[in-house]
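Step one of this worksheet: look at the structure below.
Protein chains in written order, with our numbering: chain A, 1 to 191; chain B, 192 to 409.
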């Protein structure tokens, strides 16, 4: 099971915990082929909304001088994607979001109706399971619910078979979240 | 009344968000000073945000739906705006938000509006309300299309209501509004797909529009 872990740099020291390291170790212990990448908005150009990835170089971003296309290749070849991001007002932080903005080439520009709503068609046959781990202190109940709703929406638009949203605001919650991640990977993904 | 807007579109010009701001300015017969999120990112000094954005009576946040939420540049600015608001010694603006998505369903903007509302709570700014717009592709960066007749009339009237609320200083929390063009879903899909095929043909791309450039990277 190829597992791509994308994390922001502050997640390496959240209240003394290295969330990125813990998640990578957990995945490897379960026998997953895990690859972790640090993501920062300074290493990726912001998406400019040109839609060249749909019409000029279909499936590839027109910017070729950063790592977005390379990471996209790993994303569409993965069985599981795990995002680790600080939570900002219930959303991902700008580092992880700067990459997510660049995933538009991974889906088709054409429309399809799914569950009574319009979405974009798949470009590839399969997409990874979608896991997002949000952290921060404090996180309000509204922000937690917004983050969970956002992860659900993302998984629909990415055509992910299954999704999991975890929110961590303290070391105690970190342990609970890692247990839930273990259950998800071993029971939902491997089944 | 001083009204400022953040345009959260990454497009340098002719963005749908920009056209929505222009239409609101026209409906209110009022200047709206607009700052692009990507430009603000480069001028992110605390004093700049305080001087130009937080001294307004109304702050409009207008943006396209990007992966179900806000573009990263806008996400970068809001926490800094929150920080600047903490140290502001003037009355803080009331915030209104307008999100447009290229998909048919206006309700797909719900989460994005919740994020802006959460920002207001954190920054202690008054949240007015938001409009979620579906079928944004039919506006296509041209405010002249938003008129009281035709398929975009719902959007015109929703913007009209918001302009009234702002002009009458009804700066209090109201329910969000979700509107889309009055066209059947299959027609919107058909026209959208056709438009993309035309853009693709004009681009003289050497690969197929359904290309799968990533085989295996593991």
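For each residue, glycine too, the CB sits at the ideal point set by N, CA and C.
Assigned exposure category for residue i - 16 Cβ within 10 Å defines buried
i: residue 126/A; result: exposed
i: residue 318/B; result: buried
i: residue 209/B; result: buried
i: residue 190/A; result: exposed
i: residue 192/B; result: exposed
i: residue 14/A; result: buried
i: residue 389/B; result: exposed
i: residue 148/A; result: buried
i: residue 46/A; result: buried
i: residue 465/B; result: One cannot answer for residue 465/B here, as it falls past the ends of chain B, which runs 192 to 409.
i: residue 54/A; result: buried
i: residue 66/A; result: exposed
i: residue 410/B; result: Absent from the model: residue 410/B. The displayed extent of chain B is 192 to 409, so no value can be given.
i: residue 316/B; result: buried
i: residue 31/A; result: exposed
i: residue 338/B; result: exposed
i: residue 284/B; result: buried
When the options are compared against residue i, the one with the closest alpha-carbon
i: residue 328/B; options: 34/A, 154/A, 111/A, 172/A; result: 111/A
i: residue 22/A; options: 163/A, 183/A, 177/A; result: 177/A
i: residue 379/B; options: 117/A, 145/A, 163/A; result: 117/A
i: residue 141/A; options: 44/A, 77/A, 89/A; result: 89/A
i: residue 387/B; options: 25/A, 109/A, 60/A; result: 109/A
i: residue 230/B; options: 202/B, 325/B, 212/B; result: 202/B
i: residue 33/A; options: 4/A, 44/A, 10/A; result: 4/A
i: residue 156/A; options: 74/A, 170/A, 121/A; result: 121/A
i: residue 247/B; options: 366/B, 274/B, 282/B; result: 282/B
i: residue 7/A; options: 93/A, 79/A, 139/A; result: 93/A
i: residue 145/A; options: 337/B, 303/B, 338/B; result: 303/B
i: residue 137/A; options: 174/A, 36/A, 104/A; result: 174/A
i: residue 309/B; options: 143/A, 36/A, 114/A; result: 143/A
Minimum Cβ-Cβ distance from residue i to chain A less than 9 angstroms
i: residue 309/B; result: yes
i: residue 403/B; result: yes
i: residue 365/B; result: no
i: residue 411/B; result: Any property of residue 411/B remains undetermined from this structure, which presents chain B solely from 192 to 409.
i: residue 375/B; result: no
i: residue 398/B; result: yes
i: residue 259/B; result: yes
i: residue 294/B; result: yes
i: residue 210/B; result: no
i: residue 231/B; result: no
i: residue 336/B; result: no
i: residue 227/B; result: no
i: residue 406/B; result: yes
i: residue 409/B; result: yes
i: residue 200/B; result: yes
i: residue 193/B; result: no
i: residue 358/B; result: no
i: residue 312/B; result: yes
i: residue 221/B; result: no
i: residue 203/B; result: yes
Within 9 angstroms, strictly: CB atoms of residue i and residue j
i: residue 263/B; j: residue 17/A; result: no
i: residue 267/B; j: residue 232/B; result: yes
i: residue 197/B; j: residue 249/B; result: no
i: residue 135/A; j: residue 87/A; result: yes
i: residue 251/B; j: residue 261/B; result: no
i: residue 129/A; j: residue 162/A; result: yes
i: residue 20/A; j: residue 84/A; result: yes
i: residue 306/B; j: residue 166/A; result: no
i: residue 107/A; j: residue 158/A; result: yes
i: residue 235/B; j: residue 58/A; result: no
i: residue 290/B; j: residue 330/B; result: no
i: residue 102/A; j: residue 61/A; result: yes
i: residue 70/A; j: residue 408/B; result: yes
i: residue 194/B; j: residue 223/B; result: yes
Chain B contact for residue i (CB, 9 angstroms cutoff)
i: residue 109/A; result: yes
i: residue 123/A; result: yes
i: residue 103/A; result: yes
i: residue 97/A; result: yes
i: residue 169/A; result: no
i: residue 13/A; result: no
i: residue 78/A; result: yes
i: residue 24/A; result: no
i: residue 100/A; result: yes
i: residue 28/A; result: no
i: residue 38/A; result: no
Check: residue i C-beta below 8 angstroms from any heavy atom of the ligand SAM
i: residue 79/A; result: What this structure holds is no ligand at all, so the ligand SAM is not there to describe.
9 angstroms Cβ cutoff, residue i in contact with chain D
i: residue 302/B; result: Of the protein chains in the structure, A and B, none is chain D.
Residues in the segment 40-61 of chain A with C-beta within 9 angstroms of chain B's C-beta atoms, listed in sequence order? 41, 44, 46, 47, 48, 49, 50, 51, 52, 54, 55, 56, 57, 58, 59, 60
Contact residues within the segment 82-95 of chain A, judged by C-beta distance below 9 angstroms to chain B: 88, 89, 90, 91, 92, 93, 94, 95
With 7 angstroms as the limit, tell me which residues of the segment 379-399 of chain B have their beta carbon closer than that to any beta carbon of chain A; keep them in chain order. 380, 383, 384, 387, 390, 391, 394, 396, 398, 399
Proximal residues, the segment 241-269 of chain B versus chain A, C-beta separation under 8 angstroms: 255, 257, 258, 259, 260, 261, 262, 263, 264, 266, 267, 269
Which residues, in order along the segment 143-159 of chain A, keep a beta-carbon less than 7 angstroms from a beta-carbon of chain B? 143, 146, 149, 150, 153, 154, 157
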